[in-house]
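> Take any residue in the sequence shown, count from 1 to its spot, add 99: that is its number in my numbering.
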Amino acid sequence: MPHDIRNYIDGRFETSGNTFDDINPVDGSLVGRVHVAGQDMVNRAVAAARAALSGPWGRSSGAERAASLHKVADGIEARFDEFVAAEIADTGKPLAQANTLDIPRAISNLRFFAGLAHGRSSELFATDTADGAGAINYTVQKPLGVVAVISPWNLPLLLLTWKLGPALAAGNTVVAKPSEETPGSATLLAEVMHEAGVPPGVFNLVHGFGAGSTGEFLCAHEDVDAITFTGESATGSAIMRAAAANVKALSFELGGKNPAIVFDDADFARALDGTVRSVFSNCGQVCLCSERVYVHESLFDQFVAALKSRAEALRIGWPADAQTEMGPLVSRGHRDKVLGYYALARAEGATVVTGGGVPEFGDRRDNGAWVQPTILTGLPESARCVREEIFGPVCHVAPFATEDQVIAMANDSAYGLAAAIWTEDMARAHRVAQQIEAGIVWVNCWYLRDLRTPFGGVKLSGVGREGGQYSMNFYSEPSNICIKL
Ligand code: NAD
Ligand code: 6OD
Numbered sequence: 100m101p102h103d104i105r106n107y108i109d110g111r112f113e114t115s116g117n118t119f120d121d122i123n124p125v126d127g128s129l130v131g132r133v134h135v136a137g138q139d140m141v142n143r144a145v146a147a148a149r150a151a152l153s154g155p156w157g158r159s160s161g162a163e164r165a166a167s168l169h170k171v172a173d174g175i176e177a178r179f180d181e182f183v184a185a186e187i188a189d190t191g192k193p194l195a196q197a198n199t200l201d202i203p204r205a206i207s208n209l210r211f212f213a214g215l216a217h218g219r220s221s222e223l224f225a226t227d228t229a230d231g232a233g234a235i236n237y238t239v240q241k242p243l244g245v246v247a248v249i250s251p252w253n254l255p256l257l258l259l260t261w262k263l264g265p266a267l268a269a270g271n272t273v274v275a276k277p278s279e280e281t282p283g284s285a286t287l288l289a290e291v292m293h294e295a296g297v298p299p300g301v302f303n304l305v306h307g308f309g310a311g312s313t314g315e316f317l318c319a320h321e322d323v324d325a326i327t328f329t330g331e332s333a334t335g336s337a338i339m340r341a342a343a344a345n346v347k348a349l350s351f352e353l354g355g356k357n358p359a360i361v362f363d364d365a366d367f368a369r370a371l372d373g374t375v376r377s378v379f380s381n382c383g384q385v386c387l388c389s390e391r392v393y394v395h396e397s398l399f400d401q402f403v404a405a406l407k408s409r410a411e412a413l414r415i416g417w418p419a420d421a422q423t424e425m426g427p428l429v430s431r432g433h434r435d436k437v438l439g440y441y442a443l444a445r446a447e448g449a450t451v452v453t454g455g456g457v458p459e460f461g462d463r464r465d466n467g468a469w470v471q472p473t474i475l476t477g478l479p480e481s482a483r484c485v486r487e488e489i490f491g492p493v494c495h496v497a498p499f500a501t502e503d504q505v506i507a508m509a510n511d512s513a514y515g516l517a518a519a520i521w522t523e524d525m526a527r528a529h530r531v532a533q534q535i536e537a538g539i540v541w542v543n544c545w546y547l548r549d550l551r552t553p554f555g556g557v558k559l560s561g562v563g564r565e566g567g568q569y570s571m572n573f574y575s576e577p578s579n580i581c582i583k584l
């Protein structure tokens, strides 16, 4: 029975007269009916968030906010299986991934940033003045105010809590808008917030679409102080325009067209395993996925053949099956985009080493959003399929001859989010990593996360950094007080 997926405003769950269907991409079935928050609901959510800043939350200590975040994390743990089920119903991702990455990382995000919740910590400077009397400067950290959190569909709860955790730890209040494709886990989170006794207005949730809808209403709202956004680069530009009127603080984690580089001295098996993960994890729908794989010419044929075997051996199937390694894409709409790139690759002259189409199951999954894992070769670096983010289980593999050449190829991109380098020569690893234009470079690993490290991208891949103290700096504002003695 499809259920109502409701908004959460000022501590109350609200329906609206306007709904759309939340569809399961495994088989096209109906998960629930999502109640769209229109301009009036967004206004009320922002007003509730503003009012909560003057209530107990606004006066809370860091320790009290940390306790709240831990309570919410406890609440997710207590309903772990429901969160996993909601994430799977909305995305079709394998149970094994939701169980080990999405939901555990959401819990870690909240607990980690609880550990960084601070009071109004101050820095003190004793200052010499010309008259010799001196002055004392001290700096207090204040929350930004009302923060809009706009999140995407690929890692729904993980990416929502990645921003919500530090925003609340720093004392802000939040209006969150999850992706229209994946409203389920965020709505469960609102229930957990409610059960945990987080004061009304501190966390508000509004559902709906982006342009001309809930997302735009929220980003353009003059009483929102900051926007933290994860999603496509083009959406980032639109949000920047909407935010310009009252110069909101912005933090953007955007798209990528990430290179993986396999040198001739790489540990072949390790590089292959890592590349399979970095290309096909989450059906290729991770902003950090490698869509451009550069392999030294001496290994090229062997590597492509091995990658092909591994892609063809991936277990594509029902998400709930513990053996499943790859599920569907998030939606039929996104599948159209990915299949469009498969067709474009052919038109651009690619060799399709494997995949390039749609798997057939002969059951209700044929109504879903499935695609085959796909490997392309033979395209020039100028081809659109090598330059544009596809966001599916697909990579283009190209040979290179020298270190300088591959660094130039890797950097020849409008994006600069992440890179993976596979080599056993640590001098080379450092030399190459330092020349790659990306916010994150992994050596002999991929998506290995330490939440204290800076996370973000250069060029079209983002604005600013989050993670550890970088997040706390973004979500707080220093105010300096100078006292003449
Ligand atoms: P998207 O940009 O289409 O949507 C993201 C969110 O923005 C959704 O909630 C959507 O409703 C909202 N939105 C869309 N238009 C809006 C507008 N005009 N105003 C306000 N809100 C608007 O992204 P997506 O398709 O959900 O996610 C996939 C994209 O996200 C890929 O490009 C991927 O690389 C990127 N991504 C980046 C990171 C990162 O950390 N850099 C992480 C995950 C995903
Ligand atoms: O792991 C994270 O903290 C993070 N922000 C991951 C982003 C993944 C993009 O799809």
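We treat Cβ as the ideally placed atom computed from N, Cα and C, and that holds for glycine.
All of these numbers come straight from a predicted model, not from anything done at the bench.
Could you tell me the boundaries of the alpha helix (DSSP H) in which aspartate 503 lies?
Indexing the sequence shown from 1 puts residue 503 at position 404. Taken as a continuous stretch (DSSP letters only), the alpha helix (DSSP H) holding aspartate 503 covers 502–510.
> Could you pull out every residue in the same chain whose Cβ sits closer than 7 angstroms to the Cβ of glutamate 396, ignoring the five residues on either side in sequence?
Walking along the sequence shown from the start, residue 396 turns up at place 297. Excluding sequence neighbours, glutamate 396 sits near Pro498, Phe499, Ala500.
> Based on the DSSP secondary-structure assignment, which residues constitute the bridge partners of isoleucine 122?
Within the sequence shown, the letter at position 23 stands for residue 122. Note: isoleucine 122 sits in a beta bridge opposite Leu129.
> Straight-line CA distance for glutamate 352 to aspartate 230?
Position 253 of the sequence shown holds residue 352. Position 131 of the sequence shown holds residue 230. Cα-Cα distance, rounded: 48 angstroms.
> Looking at the structure shown, is threonine 334 part of a helix, part of a strand, or coil, going by DSSP?
For the purposes of this step, residue 334 is identified with residue 235 of the sequence shown, where counting begins at 1. Threonine 334 falls in the helix class under three-state DSSP.
> Using the rule of at least 16 other Cβ atoms within 10 Å of the residue's Cβ for burial, across every protein chain shown, is serine 278 buried or exposed?
On the sequence shown, residue 278 is found 179 positions in, with the first residue counted as 1. By the neighbour-count rule (16 or more Cβ atoms within 10 Å), serine 278 is buried.
> In the DSSP assignment, find the alpha helix (DSSP H) that holds phenylalanine 367 and state where it starts and stops.
The count along the sequence shown starts at 1 and reaches residue 367 at position 268. Here the alpha helix (DSSP H) through phenylalanine 367 covers 367–379.
> Thinking just about the alpha-carbon of each residue, which of Glu315, Phe554, Gly491 is nearest to the one in alanine 247?
Position 148 of the sequence shown, counting from 1, holds the residue named residue 247. Nearest C-alpha to alanine 247: Glu315.
> Using 7 angstroms as the cut-off, classify the Cβ of arginine 210 as near or not near the heavy atoms of the ligand 6OD, replying yes or no.
Here residue 210 refers to the residue found at position 111 of the sequence shown. No, the beta carbon of arginine 210 sits no closer than 7 angstroms to any heavy atom of the ligand 6OD.
> Looking only at its chain, what residues have a beta carbon closer than 6 angstroms to the beta carbon of glycine 264, apart from the 5 residues adjacent to it on each side?
On the sequence shown, position 165 is the one that residue 264 refers to. Asn208, Leu209, Phe212, listed in sequence order.
> What does a CB cutoff of less than 6 angstroms around serine 570 pick up in its chain, not counting 5 residues either side in sequence?
Numbered from 1 along the sequence shown, position 471 holds the residue referred to as residue 570. Same-chain partners within the cutoff: Pro265.
> Please indicate yes or no: does the CB of isoleucine 249 lie closer than 7 angstroms to some heavy atom of the ligand NAD?
For this step, residue 249 is matched to residue 150 along the sequence shown. It does: the Cβ of isoleucine 249 is within 7 angstroms (strictly closer) of some heavy atom of the ligand NAD.
> Can the beta-carbon of lysine 241 be found less than 8 angstroms from the beta-carbon of glutamate 502?
Your numbering for residue 241 matches position 142 in the sequence shown. Your numbering for residue 502 matches position 403 in the sequence shown. No, the Cβ-Cβ distance between lysine 241 and glutamate 502 is not below 8 angstroms.
> Whole angstroms are fine: how far does the CA of aspartate 364 sit from the CA of glutamine 533?
As a working note, residue 533 is residue 434 in the sequence shown. As a working note, residue 364 is residue 265 in the sequence shown. So the two alpha carbons sit approximately 19 angstroms from each other.
> State the CB to CB distance for the pair threonine 552 and glycine 566, rounded to an integer number of angstroms; the pair is presumed to be in contact (CB under 8 angstroms).
Here residue 552 refers to the residue found at position 453 when the sequence shown is read from its first residue. Here residue 566 refers to the residue found at position 467 when the sequence shown is read from its first residue. Right, the Cβ-Cβ distance comes to about 5 angstroms (below 8 angstroms), so this counts as a contact.
> Return yes when at least one heavy atom of the ligand NAD lies under 7 angstroms from the C-beta of proline 458, else no.
Locating residue 458 in the sequence shown gives position 359, counting from the first residue. No; taking the cut-off as 7 angstroms, the Cβ of proline 458 has no heavy atom of the ligand NAD nearer than that.
> At a cut of 8 angstroms, does the segment 462–473 reach the segment 122–136 through at least three beta carbon pairs?
Verdict: yes, contact present.
> Could you pull out every unbroken beta strand (DSSP E) segment of at least 3 residues lying fully inside the segment 461–505, listed in chain order?
Entirely contained in the segment 461–505, the beta strand (DSSP E) runs reaching 3 residues are, in chain order, 473–476, 493–499.
> Take the Cβ of asparagine 106 as the centre, count every other Cβ of all protein chains shown within 10 Å, and call the residue buried at 16 or more, exposed below.
For this step, residue 106 is matched to residue 7 along the sequence shown. Buried: at least 16 other Cβ atoms inside 10 Å.
> To which residues of the same chain is glycine 505 closer than 6 angstroms at the C-beta, ignoring the five residues directly before and after it?
As a first step, residue 505 must be located in the sequence shown, where it is residue number 406. The amino acid occupying residue 505 in the given sequence is valine; glycine does not appear at that position. Around valine 505: Ile360, Tyr393, Phe499.
> Under 6 angstroms Cβ to Cβ from glycine 191, same chain only, skipping five residues before and after it: list those, please.
If you number the sequence shown from 1, residue 191 lands on position 92. Result list for glycine 191: Pro124, Val125, Pro418, Gly426, Pro427, in chain order.
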